[in-house]
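Going by this note's numbering, 317 is the number at position 303 of the sequence shown; the sequence numbering is gapless.
We treat Cβ as the ideally placed atom computed from N, Cα and C, and that holds for glycine.
I have placed the structure first, in the form of structure tokens, so that the comments after it can refer back to it.
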Amino acid sequence: MITPRENLFRILRHETPEWLPVAGHCDPYNQPNRAGMDPALAAALGEVHWGDTSTVTFSRALGLDITDWYGLPLRITRRQVTVESRTAGDVTTRVWHTPAGALREVSQVCREDNGAVSSNWTEHLVKGPADLEALAAIFADEVIEPDPDALARTRERRDLIGDDGLLLGAMDGTPLGMMFRVYSGVAALAYLWADAPAALRDCFAIMERNYQQRLAIGVQSDLDVLVGVDDTSTTAISPAMFEACNLELTEARAAIAHAAGKFYFHHSCGLIRALLPLYRRTTMDAVHAFSTPPLGDVTVAAGRQALGDRITIMAGVQQLAGPLHDRAAVRASIQEMIREAAPWDHFILWLVAFPHRTMEETRFVAECCREAGGRP
15 MITPRENLFR ILRHETPEWL PVAGHCDPYN QPNRAGMDPA LAAALGEVHW
65 GDTSTVTFSR ALGLDITDWY GLPLRITRRQ VTVESRTAGD VTTRVWHTPA
115 GALREVSQVC REDNGAVSSN WTEHLVKGPA DLEALAAIFA DEVIEPDPDA
165 LARTRERRDL IGDDGLLLGA MDGTPLGMMF RVYSGVAALA YLWADAPAAL
215 RDCFAIMERN YQQRLAIGVQ SDLDVLVGVD DTSTTAISPA MFEACNLELT
265 EARAAIAHAA GKFYFHHSCG LIRALLPLYR RTTMDAVHAF STPPLGDVTV
315 AAGRQALGDR ITIMAGVQQL AGPLHDRAAV RASIQEMIRE AAPWDHFILW
365 LVAFPHRTME ETRFVAECCR EAGGRP
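Now the structure itself:
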């Protein structure tokens, strides 16, 4: 039998795997409920943080393949831009002082009773066209270099995973995606797109030069895959917007990764059916966090038809998020999704932990995936 790592590589090389990979994922927001959890596993998971080993621990506990989510081994310093930061409870206010003016943002941490932790912006940096020059100045001011210590930690994480899976390096998404998700929000972006298109594109160009510098360092590390965390969805980005701003950019990123012998994934959970024909025009290797109904708007079968036989679908197992009272129906739904993906040469299942689910429920869904996918 081949290793899980080689089995995953077979799919990314457009070959038929020995079994359908089911990869686990755990992060501060997406983590299993501790109710009824084995004390040893609960102790091993501890308090979950971004970049820790929780995905490795969670995946091994359930016998899943590993696609660990890690950062790029960078050191970023600033020459002129300074940041004032003040935290009161769960609310953090930052003021960025740039050569083009000051920008203010406010974020708030949200804590759930089940242990999940997330954060969101209650005030974005960019409120209007006048703020674009200052945002661009932040990216233009950064000095991006390899971080020897981070490179060593990346190598250690790769060694920890061993032959059980792949190490994925998460990086910022496209400038358009980062604008709606982080820097401006959807409403302000809509006005910028209509009222200041040239200034917006100029800002995007400076942002992407910065991002490609980060990517160029990331591909020289022990990461197996680079993931642009775009969270693209037609709830915020139309197909025409993606074509205008992201098509050539995504192709350029994929080319940088491929030249270094790495793979490039586009993370785009959400409503993406109308975007898939555009993805097909790039050489991205996979659509990461492909969302099926009811959370998404495209089935695996329709996704395979739209993407063709080259781009891998890494589909979230949404059945774990939905109702589990009828377990026969849940099992049948998973089996149907896996049948649609046959012969599995461009398909990976992604089992994300959900904080409203116990480990017993999570194990049940994982076993349904393993049964249908022939995991030894």
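{"Check": "Who are the near neighbours of Asp-209 in its chain, counting only those whose CB is closer than 7 Å to its CB and skipping five residues on each side?", "Outcome": "Pro-143"}
{"Check": "Are the beta-carbon atoms of Ala-380 and Leu-76 separated by less than 8 Å?", "Outcome": "yes"}
{"Check": "Could you tell me the alpha carbon to alpha carbon distance between Ala-346 and Cys-382, rounded to whole angstroms?", "Outcome": "9 Å"}
{"Check": "Taking the beta strand (DSSP E) that Arg-100 falls in, what are its first and last residues?", "Outcome": "96 to 102"}
{"Check": "Three or more C-beta pairs closer than 8 Å, one from the segment 224 to 242 and one from the segment 171 to 190: is that the case here?", "Outcome": "yes"}
{"Check": "Do you know how far the Cα of Glu-375 is from the Cα of Ser-252?", "Outcome": "36 Å"}
{"Check": "Compute the distance between the beta-carbons of Asp-238 and Leu-165, then report whether it is under 8 Å.", "Outcome": "no"}
{"Check": "From the DSSP output, read off the bridge partner residues of Leu-365.", "Outcome": "Gly-38"}
{"Check": "On the DSSP bridge assignment, give the partners of Ser-121 in chain order.", "Outcome": "Thr-106 and Trp-135"}
{"Check": "With Pro-369 and Asn-128 assumed to form a contact (beta carbons below 8 Å), what rounded beta-carbon distance in angstroms separates them?", "Outcome": "4 Å"}
{"Check": "In this structure, does DSSP put Val-196 in helix, strand or coil?", "Outcome": "helix"}
{"Check": "Taking Cβ to Cβ, would you say Met-15 is nearer than 8 Å to Glu-32?", "Outcome": "yes"}
{"Check": "Compute the distance between the beta-carbons of His-302 and Phe-277, then report whether it is under 8 Å.", "Outcome": "no"}
{"Check": "Just to check, is the beta-carbon of Phe-72 closer than 7 Å to a non-hydrogen atom of the ligand PLP?", "Outcome": "Only the bare structure without any ligand can be found here, which leaves the ligand PLP out of the picture."}
{"Check": "For Val-157, report the span of its beta strand (DSSP E) as first-last.", "Outcome": "156 to 160"}
{"Check": "As a quick exercise: from Leu-214, Trp-83 and Leu-290, pick the residue whose alpha carbon is nearest that of Trp-64.", "Outcome": "Trp-83"}
{"Check": "Looking only at C-alpha atoms, which of Tyr-293, Ala-150 and Glu-257 sits nearest to Pro-113?", "Outcome": "Ala-150"}
{"Check": "Evaluate Thr-249 with the Cβ neighbour count: other Cβ atoms within 10 Å of its Cβ, from every protein chain shown; 16 or more gives buried, anything less gives exposed.", "Outcome": "exposed"}
{"Check": "Going by beta-carbon coordinates alone, are Thr-306 and Ala-329 separated by less than 8 Å?", "Outcome": "yes"}
{"Check": "Give me whichever residues DSSP pairs with Glu-111 in a beta bridge.", "Outcome": "Here residue 111 turns out to be His, not Glu, going by the sequence shown. Looking at the DSSP assignment, His-111 forms a beta bridge with Thr-96 and Ala-116."}
{"Check": "Looking only at its own chain, which residues have a Cβ that is under 6 Å from the Cβ of Gly-85, when we skip the five neighbours before and after it?", "Outcome": "Gly-65"}
{"Check": "Going by C-alpha distance, which of Pro-211, Ile-231, Gly-322 and Gln-332 is nearest Trp-358?", "Outcome": "Gly-322"}
{"Check": "Report the partner residues of Phe-277 according to the DSSP bridge assignment.", "Outcome": "Val-239"}
{"Check": "Give the single residue among Ala-130, Thr-101, Asp-161 and Gln-319 whose Cα lies nearest to the Cα of Glu-119.", "Outcome": "Thr-101"}
{"Check": "Can you check whether the C-beta of Glu-354 is within less than 8 Å of a C-beta belonging to chain C?", "Outcome": "In summary, chain C is missing from the structure at hand, where a single protein chain is found."}
{"Check": "Give the secondary structure of Arg-371 by DSSP, where H, G and I count as helix, E and B as strand, and everything else as coil.", "Outcome": "coil"}
{"Check": "With 16 other CB atoms within 10 Å as the buried threshold, where does Thr-246 fall?", "Outcome": "buried"}
{"Check": "So the alpha helix (DSSP H) Ile-80 belongs to, where does it begin and stop?", "Outcome": "Element bounds for Ile-80: not the alpha helix (DSSP H) but the beta strand (DSSP E), 79 to 84."}
{"Check": "In the DSSP assignment, find the beta strand (DSSP E) that holds Asp-178 and state where it starts and stops.", "Outcome": "It is not in any beta strand (DSSP E) - Asp-178 carries neither H nor E in the DSSP assignment."}
{"Check": "If you compare alpha carbons, which of Ala-386, Gly-387, Ala-367 and Pro-390 is closest to Pro-42?", "Outcome": "Ala-367"}
{"Check": "Near Val-36, what residues of its chain come up, given a Cβ to Cβ distance below 7 Å and the 5 sequence neighbours on each side ignored?", "Outcome": "Leu-78, Asp-79, Leu-363, Leu-365, Ala-380, Cys-383, Arg-384, Gly-387 and Arg-389"}
{"Check": "Taking the beta strand (DSSP E) that Thr-71 belongs to, which residues open and close that run?", "Outcome": "Taken as a continuous stretch (DSSP letters only), Thr-71 belongs to no beta strand (DSSP E), being part of the alpha helix (DSSP H) at 68 to 75."}
{"Check": "Using a threshold of 8 Å, state whether the C-beta atoms of Glu-354 and Val-312 are closer than that.", "Outcome": "no"}
{"Check": "Quick test of your reading: Leu-26 and Asp-236, contact by CB under 8 Å. State the CB separation rounded to the nearest angstrom.", "Outcome": "Not confirmed; about 17 Å, so no contact."}
{"Check": "Can you name the start and end residues of the beta strand (DSSP E) that Gly-330 belongs to?", "Outcome": "326 to 330"}
{"Check": "What ranges does the alpha helix (DSSP H) occupy inside the segment 203 to 256, keeping only unbroken runs of at least 4 residues that lie completely in it?", "Outcome": "211 to 232"}
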